[in-house]
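K.L.:
Residue numbers (my numbering): 179 to 677.
No residue lacks a Cβ here, since even glycine has one placed at the ideal position from N, Cα and C.
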Amino acid sequence: MKISRWVWFVVLLFSFGGTQAVETLSLEWQSQKVPEERYRFNLVSEVHLNSSVEVVSQNVDAEVEKSSSYQLPDDLPNVFLNQELIDTAKKRLSQSPEKYPLTHKAYRDIKARAKDFYENVSLSDVPVYTGTNRDEYRPLVHNGLAKTLYPAIVCAFEDKEEYCQKAIDFILAWADIKGGVRLGDREKNDLPGSGLDISRYFFRYAQAFHLVSPYMSEDEKMKVRKWFLELGYQIKKSHESWRGNLSIEGPNNHHSWHNEGMIIASLYGRDNRLLSSMMDGEWWSYQHIVRDAIYEQDNPNNIFRIGRDFSHLPIQARTGEVYDRHRSLPHLPAREDIYNRHKWWRKNVDQRHGFTYSMFNLEALVLTAHIAQLNNLYYDRQQSFIDLHQKSIKNALRFYGRYYIDYPSGRTDCLSITNVEPSTEPYDAQCPISYEPYFGEYPTRNITYLFTLAQKYYPEDKSFYKRILSANQQELIPGSNFHPLHAPASVFTFFFAEE
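#1: According to DSSP, simplified to helix, strand and coil, what is Glu340?
#2: Are the beta-carbon atoms of Ile583 and Arg623 separated by less than 7 Å?
#3: Out of Ala324, Ser641 and Leu263, point me to the one whose CA is closest to Pro305's CA.
#4: Looking only at DSSP bridge pairs, what is Val688 linked to?
#5: Between which two residues does the alpha helix (DSSP H) carrying Gly579 extend?
#6: Contact defined as beta carbons within less than 8 Å: I believe Glu408 pairs with Lys356. What is the distance between those atoms, to the nearest angstrom?
#7: For Ala353, I'd like the list of residues in its chain whose CB is within less than 6 Å of its CB, leaving aside the five on either flank, ordered along the chain.
#8: State whether the stretch 545–557 contacts the stretch 588–596, with contact taken as three or more CB pairs (one from each stretch) at a distance under 8 Å.
#9: Give a yes or no on contact between the stretch 309–319 and the stretch 367–377, applying the rule of three or more CB pairs nearer than 8 Å.
#10: For Tyr556, report the span of its beta strand (DSSP E) as first-last.
#11: Buried or exposed for Ile264, going by 16 or more other Cβ atoms inside 10 Å?
#12: Would you give the residue range spanned by the beta strand (DSSP E) that Gly357 belongs to?
#13: Is the separation between the beta-carbon of Val257 and that of Phe381 shorter than 7 Å?
#14: Taking the continuous beta strand (DSSP E) assigned at Val500, which residues delimit it?
#15: CB-CB under 8 Å to Gly449, same chain, minus the five flanking residues each way: which ones, in chain order?
#16: Sort Glu336, Gln343 and Gly447 by Cα distance to Ser247 and report the nearest one.
#17: Alpha carbon to alpha carbon, what distance is there between His417 and Leu452?
#18: For Leu203, count neighbouring Cβ atoms within 10 angstroms of its own Cβ and tell me buried if that reaches 16, exposed if not.
#19: Would you identify the three-state DSSP class for Gln385, choosing helix, strand or coil?
#20: To the nearest angstrom, how far is it from the Cα of Asn650 to the Cα of Tyr341?
#21: Work out the CA separation of Ala675 and Pro637 for me, nearest whole Å.
#22: Anyone know if the C-beta pair for Ser497 and Glu474 falls short of 7 Å?
#23: Pull up the CB-CB distance for Glu619 and Ile611, whole angstroms please, since I reckon it's below 8 Å.
#24: Roughly how many angstroms separate the alpha carbons of Ala665 and Gln412, rounded to a whole number?
#25: Taking the alpha-carbon positions, what's the Ser668 to Met537 distance?
#26: Name, in chain order, the residues that DSSP records as bridge partners for Ile331.
#27: Just the C-alpha distance for Asp458 and Asn479, rounded to the nearest angstrom, thanks.
#28: What is the rounded straight-line gap between the Cα of Gln385 and the Cα of Pro586?
#29: Assign Pro279 to buried or exposed, taking buried as 16 or more other Cβ atoms, counted over all protein chains shown, within 10 Å of its Cβ.
#30: What residue does the alpha helix (DSSP H) around Tyr473 start on, and which one ends it?
#31: Within the stretch 241–295, note down every full alpha helix (DSSP H) run reaching 4 residues or more, in order along the chain.
#32: Rounded to whole angstroms, what is the Cα-Cα separation between Phe670 and Thr630?
#33: Out of Tyr578, His282, Val319 and Lys634, point me to the one whose CA is closest to Ala607's CA.
#34: Cα separation between Ile119 and Arg559?
#35: Would you mind sorting Pro621 into buried or exposed? The rule is 16 or more other CB atoms within 10 Å of its CB.
Here it is in structure tokens:
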């Protein structure tokens, strides 16, 4: 397959304004092929950046070989895959299904979804969305653009030109008319949630773009990157719209997903201003969410326990539990009694989705940390995202992982909620969950895939994660009718479940 590549040299020129003292922001955009080089970020209190971009291009012809020599471009950031992960998955796939059963089963699922997308999905059926309404946007991005991930993977593994082109056509159609960049603009109630809707799908089609980019021209790639950056600033606008809610909402899943979307947009747009806002901005930046959303007994700087001891927390919630607004209700009337479900029942907690939202929050935190790691992005030159604040994310995975062992997928002896009394004692593995604040709930099994990714970062807990995955294998490759908000679990199973 012949393509034309363009080698771009991008020079970012920054002018600093304002009169306040600003710490130095140092970001070095390095080739992805040099893992020892890192993007260096020194924490910024406030940054005023104006950027101009000067682009010089040179046309170079390149030959793309068959899948055996497939290479990701080294001039684009990674999303949740890099060349090493792709090559390792290919090696597993080349061996027997008996040795790597999950790898083979997951790839069959990916191929089936890719075939379905190629044969049955068209832009006339699921067109690009340029409007402002969240309810109209979600089905179009989910049923069309986000599914380009499947043919893009097959494109990278089998060099199926028609699959590559189908994914490219969808991505360019959205980039051409900047789909999604106005989401929430004319809908006052939609703007706070629009950033979540963009971000939860962003990593899927951003990864698809990265995989098919070797078959795109430099003009096409630049168009997509500019579109990604506009999406990032729309996410930021949504993120900022939460300011009025911060005193009552706290660092919930929306904020975590906003950061996941902004890190992708800033890396592809090479935008230091957006990246610094995402990493250390005043309003629920990544490191602040890790500090404040994950309960840690030895973290006195958590905003919800300043001036308090831990007596207001149940025993099981003192290390690793993830806060979310649907879980602990930190609004002013409830702050001194946030675990009293009976008091607040029929008010703000009757939906009983605390576990789901807390795990949804954790999912975004882990994905963001993983993206940062694959792009050699660190705080203060050496502090990784995944290990911020005494490895708080690891503690959260330990906290929630116990449920996936005690309440595995397919467990059939669950009691009726009417036969369960809320308890503040450590849980006893009754089903459904019997203690506060998750009374009457079940584990969010669609996020089981997260423990496949955790194996990469916390090898000391690998046996624990293996137990979780073994008890919930059917959730690693879900059926065709899984919820549209769920992540593409079979993709993560394919790349991360087996070694």
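P.N.:
In short:
#1: helix
#2: no
#3: Ala324
#4: No answer is possible for residue 688: it lies beyond the span of the chain, which begins at 179 and ends at 677.
#5: Leu566 to Asp584
#6: 6 Å
#7: Lys401, Val402 and Trp405
#8: no
#9: yes
#10: Leu555 to Tyr557
#11: buried
#12: That residue, Gly357, is in no beta strand (DSSP E); it is neither H nor E in DSSP.
#13: yes
#14: Thr497 to Val500
#15: Sequence inspection shows Asp at residue 449; the Gly mentioned does not correspond to that position. Result list for Asp449: Ser229, Leu407, Gly410 and Ala443, in chain order.
#16: Glu336
#17: 12 Å
#18: The predicted model places Leu203 with a pLDDT of 31, which falls under 50 and marks its position as unreliable; any figure quoted below should be read in that light. By the 10 Å Cβ count, Leu203 comes out buried.
#19: helix
#20: 32 Å
#21: 13 Å
#22: Here the sequence assigns Thr to residue 497, which means Ser is not the residue at that position. Yes, they are a contact pair.
#23: 5 Å
#24: 22 Å
#25: 18 Å
#26: According to DSSP, Ile331 bridges with nothing at all.
#27: 16 Å
#28: 30 Å
#29: exposed
#30: Tyr473 -> not in any alpha helix (DSSP H); beta strand (DSSP E) instead, spanning Ile472 to Glu474.
#31: 261–271
#32: 7 Å
#33: Tyr578
#34: Because the chain in this structure spans residues 179 to 677, residue 119 falls outside the shown range and cannot be described.
#35: buried
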